[in-house]
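Presented below is the structure to which this report refers.
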Amino acid sequence: MKVLKAFNIAERTLGHTGDNASNNDSMLNELEALYTEYEGSLAGRDTQIRCFGHILNLTYQVIFSIDSNIRHFTEYFVGPLSSIRASHQQEDSLA
305 MKVLKAFNIA
315 ERTLGHTGDN
325 ASNNDSMLNE
335 LEALYTEYEG
345 SLAGRDTQIR
355 CFGHILNLTY
365 QVIFSIDSNI
375 RHFTEYFVGP
385 LSSIRASHQQ
395 EDSLA
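Below, the structure is given as structure tokens:
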């Protein structure tokens, strides 16, 4: 709060843009208490703007993780099945 007051921006602060880390929620709750103490107004987490870039990045990470899991699953099962199928084809060609 001292820094916000020193730069004369405490009264101009409307919110906070950041990632989805829980420490940002904690910080905003603390700032809300300090603003109330200094007769200001900041609605804490209600004024938090989640960064779209971070949300998009988290979404891509989940999608790629699912894709990776599917790839590992198919490699685990399809690899042995291909070997079994190939061995039957070899038997048929020898007969």
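With the first letter of the sequence shown counted as 1, position 72 gets the number 376 in my numbering; the numbers rise by one all the way through. Here a beta-carbon is modelled for each residue, glycine too, at the ideal position from N, C-alpha and C.
Since residue i is in the beta strand (DSSP E), which residue starts that stretch and which ends it?
i: residue 316; result: Per DSSP, residue 316 belongs to no beta strand (DSSP E) and is neither H nor E.
With a cut-off of 8 angstroms, does the C-beta of residue i fall near any C-beta of chain B?
i: residue 356; result: Among the chains of the structure shown, chain B does not appear; only one protein chain is present.
Exposed or buried, residue i, counting other C-beta atoms within 10 Å across all chains shown (16 or more means buried)?
i: residue 339; result: buried
i: residue 335; result: buried
Roughly how many angstroms separate the alpha carbons of residue i and residue j, rounded to a whole number?
i: residue 357; j: residue 332; result: 20 angstroms
i: residue 377; j: residue 306; result: 55 angstroms
i: residue 323; j: residue 380; result: 36 angstroms
i: residue 365; j: residue 318; result: 31 angstroms
i: residue 374; j: residue 310; result: 54 angstroms
i: residue 326; j: residue 363; result: 18 angstroms
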